[in-house]
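Colleague:
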Amino acid sequence: MSEFFYPKLESVTALELPYLRTVWSTGEVLDVDLSKILRGKAFAEIRKPEVFRTVHTDGQSIEWFDTELGSDNVYAWAKEQAGEVSHDMFGGWMLRNQLSLSSAAEALGISRRMVSYYRTAAKSIPRAIWLACLGWEVTRPEPNTLPMELPSAKDYAAAHA
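Pasting the structure below:
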């Protein structure tokens, strides 16, 4: 987990398998469904209800004996499952488009500092910012220009072939 990740995991409680309730330093209480994660062979023991209930945290991860999940990943999964934008989605957009903090800030018309806040989950990412990310990715405007319309499906396919 990155030392720059802002929300700290304050507590975790096992709900009905495969759900956990997480409480964060931001005041957020987020439930997370681990069904996809727990399918793996390495998690066979944790799929036992009596073991699943032993979940605990050290503030940086969710743990069961010798198995752990990084809290930054759990935070991202919970946000996405709640229909919100996660720092992981935002970072993926930057990576996919080879954007630095500065170039992402320029693309979105926001400060470099806000990009950093969004990337590290120090601030929640507004839906409008995420939609702007997706719009930028589709249109890829030249610097200091604004697209007047979306490309046609044919033009989009040609540009991304």
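Start counting the sequence shown at 3; every next residue gets the next number (my numbering). For every residue, glycine included, the Cβ atom is placed at its ideal position computed from N, Cα and C.
How long is the line joining the alpha carbons of residue 73 and residue 56, rounded to whole angstroms?
Modeller: Position 71 of the sequence shown holds residue 73. Position 54 of the sequence shown holds residue 56. Their Cα atoms are separated by approximately 17 Å.
Colleague: Could you pull the start and end residues of the alpha helix (DSSP H) that residue 110 belongs to?
Modeller: Stepping through the sequence shown from its first residue, residue 110 is reached at position 108. Where residue 110 is concerned, the enclosing alpha helix (DSSP H) stretches over 103 to 110.
Colleague: Going by C-alpha to C-alpha distance, which of 78, 17 and 143 sits closest to residue 49?
Modeller: For the purposes of this step, residue 49 is taken as residue 47 along the sequence shown, with counting starting at 1. For residue 49, the nearest C-alpha among the options comes from 17.
Colleague: If you count every other CB in all the chains shown that lies within 10 Å of the CB of residue 147, and 16 or more means buried, which is it?
Modeller: Start at 1 with the first residue of the sequence shown, and residue 147 comes out as number 145. The residue is exposed, with fewer than 16 neighbouring Cβ atoms inside 10 Å.
Colleague: Short check: CB of residue 54 to CB of residue 19, under 7 Å?
Modeller: Numbered from 1 along the sequence shown, position 52 holds the residue referred to as residue 54. Numbered from 1 along the sequence shown, position 17 holds the residue referred to as residue 19. For residue 54 and residue 19, yes; Cβs fall inside 7 Å.
Colleague: Please report the distance separating the alpha-carbon of residue 163 from that of residue 36.
Modeller: On the sequence shown, position 161 is the one that residue 163 refers to. On the sequence shown, position 34 is the one that residue 36 refers to. Their backbone Cα atoms lie some 35 Å apart in a straight line.
Colleague: Output yes or no for whether 7 Å exceeds the beta carbon distance between residue 124 and residue 8.
Modeller: Your numbering for residue 124 matches position 122 in the sequence shown. Your numbering for residue 8 matches position 6 in the sequence shown. Going by C-beta atoms, residue 124 is nearer than 7 Å to residue 8.
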